[in-house]
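>
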Amino acid sequence: MNHHYAAATTDPENRFVGVSKCWAACLCLAVLAPAYAQDADHDEHEEDEGSAIRMTLDERASAGVVVEAIARRALSESLRLPGEVVSNAYRSARVTTRIPAQVVARHVRLGDHVGAGRRLLTLSSVEMAEAQGALIVADREWQRVRSLGRDTVSAQRYTEAQVARQQAFGKVVAYGMTESQAEALMQSDDASRATGVFDLTAPQAGTVLQDDFIVGELIEPGRVLVNISDESVMWVEAQTVPSALPEFDDGARARVSLDRVVWLEGTVIQRQHLLDESTRTQGFRIEVNNADDRLHPGQFVDVEIETGMSAPALAVPNTAVTLIDGAPAVFRLENGTEFHAEEIDAGPTVGDWTVVRGGLFEGDEVAVGGVFHLKSLLLKSAIGEGHAH
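Numbered per this note's numbering, the sequence shown spans residues 14 to 402.
Written out as structure tokens, the structure reads:
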């Protein structure tokens, strides 16, 4: 049996059949290999085509897609802290009275914009009535003595009458009447006008931020009745531990934002020399132009202070960066019409710019506007709605 098997396997005819089958298999592989390679290339081409978003100039314009060439630039280094909007104390005034008085009438309301000299409220006071009567009497005596002249009356009487009239005038002004109101009272020559009624007026132009009183209420001396502030220039106050504050001088550029989208320019005007006793922090104050009336006392904002300039670095606007599959990326323009999503190695954000550590080269053109539109087209292509156009 064993001898017969050995003879069969060494037969020339059987060996020829085996070799023929081997050559046939190789020939099939040679024929099919180009077809498989062509299919693979086609699939790769399909993938490349699907990742490209093709847009003409007109399509870019209608979609709001803006393209810029990136470059190296020196970025301003900054310190970002939380802050609070407060009234500008140098442009604010508190209206009060020095004598007990009753509120007779209100002439303004909370939020009203008033000019200097505008009537705010009317008060009535017994002490003011006495002071007004004394002014009328003193003024009449002074007018009489002055008409007689220094040659007729003694020098002492002349001086006493003049001083008494001036003291009575100063008293009603100190109690709350304006000088023009006191002058009108004397010129009327009517003693019946000494009723104790007087108006408090706005010492400056601004917005009424506080009007904590009720008509008919008795007001004690020193109580703030109306708070007026010019909100065209506001203050923002921030604080942090001294070790976190880099060196910067008064006049350093700063900016503040309520939503981290719209930023208002400002200037550092003061840096506190004394630390807060309870928090042991150092504070500083920023002056912000508020012509658009965006800021109001009590609002919390983000504060950013420029502390210097960095060495030139490759950077793109923050508007160019988006997240794709959880990684920062930009849309790079190729061949004038194709946008490709490129993952980048994003560095720190400095103001409106993001440092690029890798993934792009100087001169590359990327979309800095309309990025959301490009991303939506990319997502549609990814879920099988066809190629992006």
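The beta carbon of each residue, even a glycine, is placed where N, CA and C say it ideally should be.
Being a predicted model, the structure only gives us computed values, none of them experimental.
Are Gln115 and Leu148 closer than 8 Å when you measure CB to CB?
No, these two residues do not count as a Cβ contact at 8 Å.
> Whole angstroms are fine: how far does the CA of Leu277 sit from the CA of Ser389?
Using only the alpha carbons, I get a separation of about 31 Å.
> Rounded to whole angstroms, what's the CA-CA distance from Arg122 to Leu231? Just pull it up for me.
Computed Cα separation, rounded: 19 Å.
> Are the CB atoms of Val221 and Asp125 within a distance shorter than 8 Å?
Yes, they are a contact pair.
> Three-state secondary structure (DSSP) at Gly2?
This structure leaves residue 2 out entirely; the chain is present only between 14 and 402.
> Measure the alpha-carbon distance for Leu387 versus Thr350 and round it to whole angstroms.
Taking the straight line joining both Cα atoms gives about 13 Å.
> Give, in chain order, every unbroken run of the beta strand (DSSP E) that is at least 3 residues long and sits entirely within the segment 68 to 146.
Entirely contained in the segment 68 to 146, the beta strand (DSSP E) runs reaching 3 residues are, in chain order, 79 to 82, 84 to 86, 89 to 99, 105 to 108, 114 to 119 and 132 to 137.
> Which term fits Ala340, buried or exposed, when burial requires 16 or more other beta carbons within 10 angstroms of its beta carbon?
Exposed.
> State the DSSP-derived secondary structure class of Ile149, mapped to helix, strand or coil.
DSSP places Ile149 in helix when its eight states are reduced to three.
> Nearest CA to the CA of Gln217: which residue from Asp338, Trp366, Glu244 and Ala142?
Minimum Cα distance to Gln217 is reached at Glu244.
> Measuring alpha carbon to alpha carbon, tell me which of Ala102, Ala168 and His120 ends up nearest Ala213.
In the sequence on display, residue 213 carries Leu and not Ala. The option with the nearest alpha carbon to Leu213 is His120.
> Under three-state DSSP, which class holds Val176?
Here Val176 sits in helix by DSSP.
> Kindly identify the DSSP beta-bridge partner or partners of His353.
Paired residue(s): Ala65 and Arg345.
> Given a threshold of 16 other Cβ atoms within 10 Å of its Cβ, counted over all protein chains shown, does Ala37 qualify as buried or as exposed?
In this prediction, Ala37 has a pLDDT of 48, which is less than 50 and means its spatial position is unreliable; what the coordinates show is noted afterwards. It is exposed - the Cβ of Ala37 has fewer than 16 other Cβ atoms within 10 Å.
> Please state the DSSP three-state secondary structure of Val190.
A small correction: the amino acid at residue 190 is Met; Val does not occupy that position in the sequence shown. Coil at Met190, not helix or strand.
> Might you give, ordered along the chain, the residues of its own chain that have their beta carbon closer than 7 Å to the beta carbon of Glu233, omitting 5 neighbours on each side?
Here the set comprises Pro113.
> According to DSSP, which residues form a beta bridge with Ser242?
Answer is Ser105 and Thr220.
> Just to confirm my understanding: we take Val158, look at its own chain, exclude 5 residues before and 5 after, and list those with CB closer than 8 Å. What are they?
Within the same chain, Val158 has close Cβ partners Val166, Arg170, Tyr171, Ala174 and Gln175.
> Between which two residues does the beta strand (DSSP E) harbouring Val407 extend?
In the structure displayed, the chain extends from 14 to 402; residue 407 sits before or after that span and is not available.
> What span of residues does the beta strand (DSSP E) with Ser167 cover, start to end?
Counting along the chain, Ser167 falls outside any beta strand (DSSP E), and DSSP gives it neither H nor E.
> Whose CA, out of Arg345, Ile318 and Asp225, lies closest to the CA of Ser270?
Of the listed residues, the one whose Cα sits closest to Ser270 is Ile318.
> Tell me where the beta strand (DSSP E) around Phe297 begins and ends.
Here the beta strand (DSSP E) through Phe297 covers Gln295 to Asn302.
> Going by beta carbon distance, what residues of the same chain come within less than 8 Å of Gly219, once the five residues before and after it are set aside?
Excluding sequence neighbours, Gly219 sits near Arg104, Ser105, Ala106, His126, Val127, Ile241, Ser242, Asp243 and Glu244.
> Considering only the alpha carbon of each residue, which of Val334, Val150 and Gly189 lies closest to Arg111?
Closest option to Arg111, Cα to Cα, is Gly189.
> Have a look at Ala102 and Val150 and give me their C-alpha separation to the nearest angstrom.
So the alpha carbons of these two residues sit roughly 40 Å apart.
> Give me the DSSP bridge partner(s) of Thr335.
Per DSSP, Ala342.
> What distance in whole Å lies between the Cβ atoms of Phe313 and Ala251, which are believed to be in contact at a cut-off of 8 Å?
Contact doesn't hold; Cβ gap of about 10 Å is too wide.
> For Gly229, does the three-state DSSP call read helix, strand or coil?
Correct three-state label for Gly229: coil.
> Got a sec? Which residues, its chain only, sit under 7 Å from Ala395 by beta carbon, not counting five neighbours each side?
So the list is empty, once near-sequence residues are dropped.
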